Amino acid sequence: MTRPAAPATAGQERTSKGLEQFFAAIDGQENLSIIDFGGASQANISFITDLGHRLYADDVLRSVDQTFGTGEGARERQSDPDAIAQYLSQNLTFHEASVGGALVWDTLQFLAPPLLEAIMQRLYTVMRPGAHLFAIFSAREKATTASSYAYRITGSRTFTLSLRSERPVGQIFNNRSIEKLFQGWGSIKFFLTRDNFQEVLVRR
Amino acid sequence: MWSKRKEDEYPPRPGGNPPVTRIQSDPVPSSRDANSSAPPSQRIPDVDIPHGVPALVGKSVSIKGQILSREDITMDGEFEGTIEAFEHRLTVGANGRVKASLKAREVIVLGQVFGNIEATDRVEIRRDAKLVGDVRTSRISIEDGAFFKGGIDIVRPEMLRPERRTAPADVPPSAPAPPIVDLAPAEAPAKAPSVPLNAAGAEAN
């Protein structure tokens, strides 16, 4: 069951190798459309647009909760093909190969496998060949819940974290399952951090 | 019966007279023309809004159509259509529920907006506001607690002015905006002008 989000605390800034390489990959390009799965925040809007790119913000976990509900039965609803189709008819509705980068943060680990697969297919379709996707997974194997955070970019290699809520994970992720998730994509790089995060940078 | 002078559609600002905001979906004759030809007992008192006070659509008002404003305007009711307030500030109040395309110098959102926003100067999305749609502006601020879903394009102000507005090259198409209903007819159909009401609410002859 999803508890109400914890009050935002003073963000703890951390250095991110994955984020650094994400921005290095788009360096020199202009007018890209970058998706932020964590919703709109002044920090991320300012950083991305100051680089000359366009930002599309969507709090995906919030929209998933609104579509599929929370608590008991939510996981089953996230497995319903009709509900998934309805969700995708109203969300992530980009033109094919129009997205130049995706910051999905920790979203993917909280989605039930059928919904996750559908969103991954949609992302693959809408991202340009060569575009990069940055994701974060909890490195705590066998954990059935994980903390969901708000991520605020403070620099090309730093961001702050603010706790949102503790949520059940859609499935247990390890290196092998993450590789399988991005099977068919281009290259994948892993960055293991000291604070039990698994950062992943994937090229479409 | 009432000849509509072109300058009465958007009357120029004479030295001391405040501007009059017209909310219209069809062209209507000037109230001054209607007034001058109506019998004295049925003349409508002038309702020019004092200068400096923004036009206000109250929270119990519901409008469908097109608003063209030449002064600051606050929308605190329900609105569906388009609002254009070039060179002015458009505020969607805390009670405002707008399903529209918005164009203004500044747009401040405290309520709910479903639609695209274009502002030559800036857009502010306040805490507790909800905006679903694309934003095209030179500056944007969004407070913590605000909900925003859509694309943000930061462009130079001169690119947003109506006479210079062109689509930027090589910008990937955005997510489609929510459907916008614009009930303002492209060309006004030929029909009798609206009859102004007198103070009692009856049609004035």
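Read top to bottom, the protein sequences are chains A and B.
My numbering runs 51 ahead of the 1-based position in the first sequence.
My numbering runs 265 ahead of the 1-based position in the second sequence.
Virtual Cβ for every residue (Gly too), placed ideally from N, Cα, C.
If you're wondering where the values come from, they're calculated on a predicted model, not measured in any experiment.
Count the other C-beta atoms from every protein chain shown that fall within 10 angstroms of the C-beta of residue i, then say buried if there are 16 or more, exposed otherwise.
| i | result |
| --- | --- |
| Gly181/A | exposed |
| Leu112/A | buried |
| Ser366/B | buried |
| Thr195/A | exposed |
| Val115/A | buried |
| Tyr200/A | buried |
| Gln160/A | buried |
| Tyr138/A | buried |
| Tyr175/A | exposed |
| Glu250/A | buried |
| Asp133/A | exposed |
| Gly206/A | exposed |
| Pro438/B | Note that Pro438/B scores 48 on pLDDT, short of 50, meaning its location in the model is unreliable; the coordinates nonetheless yield the value given after this. With fewer than 16 other Cβ atoms within 10 Å, it is exposed. |
| Gly410/B | exposed |
| Ala172/A | First, the residue type needs correcting, since residue 172/A is Gln and not Ala in the sequence shown. Counting Cβ neighbours within 10 Å, Gln172/A comes out exposed, since fewer than 16 surround it. |
| Gln331/B | buried |
| Lys364/B | buried |
| Asp157/A | buried |
| Ala432/B | Residue placement at Ala432/B cannot be trusted, given a pLDDT of 43 that sits under 50; what the coordinates show is reported in the next sentence. The residue is exposed, with fewer than 16 neighbouring Cβ atoms inside 10 Å. |
| Ser238/A | exposed |
| Arg227/A | exposed |
Name the residue from the options whose alpha carbon lies nearest to the alpha carbon of residue i.
| i | options | result |
| --- | --- | --- |
| Asp393/B | Val400/B, Thr402/B, Thr385/B, Ile373/B | Ile373/B |
| His146/A | Ile85/A, Ala125/A, Met178/A | Met178/A |
| Phe88/A | Lys414/B, Ile419/B, Asp418/B | Lys414/B |
| Glu123/A | Leu70/A, Arg218/A, Ser149/A | Arg218/A |
| Ser318/B | Ala411/B, Asp337/B, Gly358/B, Leu333/B | A quick correction: the sequence has Val, not Ser, at residue 318/B. Out of Ala411/B, Asp337/B, Gly358/B, Leu333/B, Asp337/B has the C-alpha closest to the C-alpha of Val318/B. |
| Lys329/B | Arg354/B, Glu345/B, Ala384/B | Glu345/B |
| Leu167/A | Ile204/A, Ile223/A, Arg203/A | Ile223/A |
| Ser84/A | Leu232/A, Ala153/A, Leu70/A | Ala153/A |
| His353/B | Pro304/B, Asp409/B, Ala320/B | Ala320/B |
| Asn360/B | Arg370/B, Val420/B, Gly323/B | Gly323/B |
| Ser130/A | Ser97/A, Phe73/A, Gln72/A, Ala169/A | Ala169/A |
| Ala186/A | Ile229/A, Ser97/A, Thr118/A | Ile229/A |
| Asp101/A | Leu214/A, Asp78/A, Asn247/A | Asp78/A |
| Val220/A | Ala163/A, Leu184/A, Leu106/A | Ala163/A |
| Pro252/A | Ala75/A, Tyr107/A, Val150/A, Glu64/A | The residue asked about is misnamed: residue 252/A is Leu in this sequence, not Pro. Nearest of Ala75/A, Tyr107/A, Val150/A, Glu64/A to Leu252/A, Cα basis: Ala75/A. |
| Gly69/A | His183/A, Leu106/A, Ala190/A, Asn225/A | His183/A |
| Pro165/A | Glu64/A, Arg126/A, Ala197/A | Arg126/A |
| Thr118/A | Lys240/A, Leu106/A, Ile135/A, Arg255/A | Ile135/A |
| Glu64/A | Leu214/A, Lys193/A, Ser149/A, Ala190/A | Leu214/A |
| Thr385/B | Pro304/B, Thr356/B, Ile419/B | Ile419/B |
| Ser216/A | Ser198/A, Phe233/A, Leu232/A, Lys231/A | Ser198/A |
Leaving out five residues on either side along the sequence, give the residues of the same chain with a beta carbon under 7 Å from the beta carbon of residue i.
| i | result |
| --- | --- |
| Arg362/B | Glu343, Gly376, Gln377 |
| Ser327/B | Gly342, Glu343 |
| Val397/B | Phe379, Lys414, Gly415, Pro443 |
| Gly120/A | Arg128 |
| Arg421/B | Ser403 |
| Glu192/A | Ile223, Asn225 |
In chain B, which residues lie less than 7 Å from residue i when you measure between Cβ atoms?
| i | result |
| --- | --- |
| Arg105/A | Gly416, Ile417, Asp418, Val436 |
| Asp109/A | Lys414 |
| Thr100/A | Ile417, Ile419 |
| Ile313/A | No information on residue 313/A is available, as it lies outside the stretch 52 to 255 that chain A covers here. |
Which chain B residues sit within Cβ distance under 9 Å of residue i?
| i | result |
| --- | --- |
| Gln93/A | Ile405, Ser406, Ile407, Glu408, Asp409 |
Indicate, with yes or no, if the ligand SAM has a heavy atom lying under 7 Å from the CB of residue i.
| i | result |
| --- | --- |
| Leu321/B | Summarising the ligand content, the structure contains no ligands, and the ligand SAM is consequently not present. |
At a CB-CB cut-off below 8 Å, which residues of chain B make contact with residue i?
| i | result |
| --- | --- |
| Ile204/A | Going along chain B, no residue has its Cβ under 8 Å from Ile204/A, so there is no contact; the nearest lies around 14 Å. |
Step through the CB atoms of chain C and report whether any lies within less than 8 Å of the CB of residue i.
| i | result |
| --- | --- |
| Thr356/B | Going by chain labels, chain C is absent from the structure shown, which instead holds the protein chains A and B. |
Give me, in chain order, the residues of the same chain whose beta-carbon lies closer than 6 Å to that of residue i; leave out the 5 immediate sequence neighbours on both sides.
| i | result |
| --- | --- |
| Gly103/A | Glu81 |
| Val400/B | Ile382, Val388, Ile417 |
| Asn95/A | Asp87, Ile204 |
| Leu333/B | Glu349 |
| Ser92/A | Arg203 |
| Gly358/B | Thr339, Asp341, Leu375, Gly376 |
| Thr347/B | Gln331, Ala365, Ser366, Asp447 |
| Arg370/B | Glu352, His353, Thr385, Asp386 |
Apart from the five residues just before and just after residue i, which ones in its own chain have a Cβ nearer than 8 Å to its Cβ?
| i | result |
| --- | --- |
| Gly235/A | Tyr175 |
| Ser67/A | Arg208, Thr209, Phe210, Phe242, Thr244, Glu250 |
| Asp109/A | Ile86, Asp87, Phe88, Gly90, Asn142, Leu143 |
Report the residue ranges of all alpha helix (DSSP H) runs contained in full by the stretch 80 to 152 of chain A; include only those spanning at least 4 residues, in chain order. 93 to 101, 111 to 119, 125 to 128, 132 to 141
Which complete alpha helix (DSSP H) runs does the stretch 370 to 427 of chain B hold, if anything under 4 residues is left out? 422 to 425
Hey, which unbroken runs of the alpha helix (DSSP H) at 4 residues or more fall wholly within the stretch 176 to 234 of chain A? 226 to 232
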